[in-house]
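Notes follow the structure.
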Amino acid sequence: MTEKLLEIRDLHVMYRTDDDNIFALNGVNLSVEKGKTIGLVGETGAGKTTTALSIMRLLPDKVGIIRQGEIFLEGRNLRDLSEADMRLLRGNNVSMIFQDPMTSLNPTHTVGEQIGEVVKLHYPELRSDAVEAKVDEMMEMVGIPAERKTEYPHQFSGGMKQRIVIAIALACNPKLLLADEPTTALDVTIQAQVLKMMNELKEKFNTSMILITHDLGVVAQICDWVGIMYAGEVIEHGTVEDIFEGERHHPYTIGLFGSIPDMTKKTERLNPIEGLMPDPSSVPPGCRFSERCPHRMDICSTDSPEVIIRGTHQIKCHLFSEPREGVCLAEEKLVKGAAS
Amino acid sequence: MNSPLIETKNLKKYFHTARGPLHAVDDIDVAINKGETLGMVGESGCGKSTFGRLLLRLIEPTGGKVLFKGENILEYGQKKMKDLRKEMQIIFQDPFSSLNPRMTVSEIIAEPIRVAGMIRKENDLLERVFELMSIVGLAERFVNTYPHELDGGRRQRIGVARALALNPEFIVCDEPVSALDVSIQAQILNLMMDLQASMGLTYLFITHDLSVVKHISDNIAVMYLGQCVELAPTDDLFENPAHPYTKALLASIPVPSLKHRKKLDVIQGEVTSPINPKPGCRFAPRCPRTMPECLDSVPGLKEISPGHFVSCVLFR
């Protein structure tokens, strides 16, 4: 039995702007087990990054508002913590890697100073030579010679900058690592190097990880669990086996798989999802995907679907609810690949 | 027999930098047949975009030839070149910065037609704009909107419509889908393939995404630091990759399937500097099979099976 490290219950987040209220998260439920990696997949605007920022309490001040919901880290409700407690938690228990290594490092400090800063902040009792030793250790761990710690970010390549960012994130040995598209800005051979390294470090320290990505290939290679997000909800959740090999899927998941050119076989035409994600400022009633869904039924535009659970696999779609009058179970249509 | 629509011979472009000449494109010989797509893949800085711009003569090459329908366009004068530009167009990577934010959709699409003076009557011009919008799947109601009001997929459709405005034969597509979400990416790829089928377009498709290039290309050129290391028909390249770099590139792609879950194969090191490159194979410092003769000279493309060319001492 694995222990839950993080649990998010019914999280609603809104961004308040001058014109509109943007409903970014609309009831997200998610949990992360110790030592496991969950991949959060979805398109721009699905709420992946907002989920991560909510955990870190880094939503933009006064604009990003958690309307309801709970976030538990090891049983502690993070929403009850004071700002001072959150500061101790960040970097120490939970840390985050941002997408773009070119902008997340400070150009005016050496990389050694930037790694050392985290260590000094969380271990103020450490003497400076011990901090330096830790910096050297972290640099070597991510595969950069320690003597380069006196160099500035612009002297490193993109892949190396991302390694530095990872070194900063792991410097205090966090229990949970939030990685927001950590390899999207990198070339594919460098991406493979960084993913391999992250996987090794994760196993070495038994860190849990939330990996935010839009690349289903990356998910298949390194995640244990997968959550598919759409318009501020997790619409499908399960183990990688459920998602990549299971028979039943949310129509959006099928659309997502149909959109990627398959490297292993010859496809003449892609099967993308038509249309666009709904405007997050006026959320339609019922299922948020219904307007684009090829299997739309009457109930979809009125009632929000329940989460249907089978073993480890959860799908939020009316197609899988118990057969009722006027609702047909269209499971055979929803086998992946049969969409063509 | 298909004849090449566009062809390069020993095409070179060196940029001058303070530290010496930067070999962005170094001796590239490729040909694209009419109605076909050449996919060009490689990592950032390998000279893909420079090559695309050289083909359109948006920048002047340092040496070599660009043959369009058999004629060297580098010898063309300004007037002839202007006529030729109607035949060759480009679609850019970033639909957010490649459209003028102060022009409406109809102004953007009409601009090339006005510049070329193809249609002079305003009514006819607007009709042509509507026609182009329907070809690329943009609803008529967007005709007077500005780019910032539209999402990335629709903006890229404007970019496609603008490129089609003059009925070109050849289009350079410089990472046209890289900035888009996967479901939108698939919509645009389908659109581009449909247009190719209906209008007989020829594409140079530049991308770093191997799954996209596999989907759309007839032939693929793999670039590394300004040189073409392998050139082959698409299926042949994916089934029998010959060059160690191509193999490494294919092994690095995360495949969205658990059957292919494996320890990611990783090549060590990073791309070396293209400034004043050493003689010899440019991939040698990262290559798992480096031999002493790799450092002597570039082997040059050699045909190992029909249509499959590779530049590596292993195949000499």
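Protein chains in written order, with my numbering: chain A, 611 to 950; chain B, 18 to 333. Cβ coordinates follow ideal geometry from the N, Cα and C atoms, glycine included.
Query	Result
Below-9 Å beta-carbon distance, residue 806/A vs any chain B residue	yes
Distance cut-off 8 Å: residue 858/A Cβ against heavy atoms of the ligand MG	Absence of the ligand MG is noted for the structure shown, with no ligands found whatsoever.
Three-state class that DSSP yields for residue 220/B in the structure shown	strand
Integer-rounded CB distance, given that residue 698/A should sit under 8 Å from residue 661/A	At roughly 22 Å, the Cβ-Cβ gap does not stay under 8 Å, so residue 661/A and residue 698/A are not in contact.
Residue 85/B (DSSP reduced to helix, strand or coil)	strand
Beta carbon proximity, residue 629/A to chain B, threshold 9 Å	no
Short CB-CB distance (under 9 Å) between residue 235/B and chain A	no
Backbone secondary structure at residue 764/A - three-state DSSP	helix
Straight-line Cα distance separating residue 859/A from residue 151/B	34 Å
Opposing strand residues paired with residue 191/B [DSSP bridges]	223/B
Own chain partners of residue 306/B with C-beta closer than 6 Å, once the 5 adjacent residues on each side are dropped	261
Opposing strand residues paired with residue 242/B [DSSP bridges]	According to DSSP, residue 242/B bridges with nothing at all.
Within-9 Å CB hit, residue 826/A to chain B	yes
Cross-chain neighbours of residue 206/B in chain A, by beta carbon under 7 Å	880
Spatial distance of residue 852/A from residue 840/A (CA atoms)	18 Å
Residue 574/A versus residue 625/A - alpha carbon distance	The shown model of chain A, from 611 to 950, leaves out residue 574/A, and the question about it has no answer.
Beta carbon proximity, residue 871/A to chain B, threshold 9 Å	yes
CB contact check: residue 729/A to chain B, cutoff 9 Å	no
Range of the contiguous alpha helix (DSSP H) that encloses residue 832/A	826 to 832
Buried or exposed (CB count within 10 angstroms, at least 16 for buried), residue 96/B	exposed
Spatial distance of residue 655/A from residue 842/A (CA atoms)	8 Å
Proximal residues, the segment 287 to 303 of chain B versus chain A, C-beta separation under 7 Å	287
Buried/exposed call for residue 18/B, threshold 16 Cβ in 10 Å	Bear in mind that a pLDDT of 46 at residue 18/B, under 50, signals an unreliable position, so the number given afterwards is only what the model happens to contain. It counts as exposed.
Distance between beta carbons of residue 865/A and residue 883/A, contact taken as under 8 Å	3 Å
Residue interval of the beta strand (DSSP E) (run including residue 694/A)	Looking at the DSSP string, residue 694/A is not in any beta strand (DSSP E); the run it does join, the alpha helix (DSSP H), is 693 to 699.
Distance between residue 271/B and residue 793/A (C-alpha atoms, nearest Å)	12 Å
Closer than 9 Å to chain A by CB, residue 60/B	yes
Closer than 8 Å at the beta carbon, the chain A residues around residue 168/B	886
Residue 358/B classed as buried or exposed, judged by whether at least 16 other C-beta atoms fall within 10 angstroms	Missing from the structure shown is residue 358/B; chain B here goes from 18 to 333 and no further.
Buried or exposed (CB count within 10 angstroms, at least 16 for buried), residue 138/B	exposed
Neighbour flag for residue 713/A against chain B, beta carbons, 9 Å	no
Within-9 Å CB hit, residue 255/B to chain A	yes
Identity of the residues DSSP links to residue 849/A by a beta bridge	835/A
Chain B contacts made by the segment 763 to 791 of chain A, where a contact means CB separation under 7 Å	767 and 769
Three-state secondary structure (DSSP) of residue 129/B	helix
Straight-line gap, residue 185/B to residue 205/B (C-alpha atoms, nearest Å)	18 Å
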